[in-house]
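Residue numbers (my numbering): 822 to 969.
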């Protein structure tokens, strides 16, 4: 595949970085063997890349210390919680448990028509898989002695 100089120059950076497909990479390599102008362009590009690689990136003074100090401040701020917030959280939990229990009692009464609490709870869930613990508990009859 014969390539024109303009086409090669547009892709030289990608060729240097090995970002091109193998066929295109080989085509540029073949062109560079026979074209002194494109080889000069490649040499300039390599020199520019080397010069840019030697540049030091300016870093503001004491950046590391400032970052560490800010992280410590945030961590300390998260660790402290005023006493009233802890008390409010505990009160909310207790209130939620009490209200949840009273609402659940209204939906699932503790006694069934026959007076046994276990059967009352299991009557709502009578569709148990065969041989499961639920089936055994639902069929339990304390008056029969159950094998004792």
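Glycine included, each C-beta is placed from N, C-alpha and C at the ideal position.
Keep in mind that this is a model prediction, so the values were computed, not measured.
Can you have a look at residue i and say buried or exposed, based on whether 16 or more other CB atoms are within 10 angstroms of its CB?
i           : result
residue 849 : buried
residue 836 : buried
residue 834 : exposed
residue 957 : exposed
Return the Cβ separation of residue i and residue j in integer angstroms, given the expectation that the two are a contact with Cβ distance under 8 Å.
i           : j           : result
residue 824 : residue 846 : Contact doesn't hold; Cβ gap of about 11 Å is too wide.
Please classify residue i: does DSSP put it in a helix, a strand, or coil?
i           : result
residue 894 : helix
residue 904 : helix
residue 838 : coil
residue 916 : helix
residue 882 : coil
residue 823 : coil
residue 923 : helix
residue 856 : coil
residue 870 : helix
residue 877 : coil
residue 951 : coil
| request: Check whether the stretch 826-841 touches the stretch 860-874, counting contact only when three or more Cβ pairs, one atom from each stretch, lie closer than 8 Å. | output: Judged by Cβ distances under 8 Å, the stretch 826-841 makes contact with the stretch 860-874, as three or more pairs qualify.
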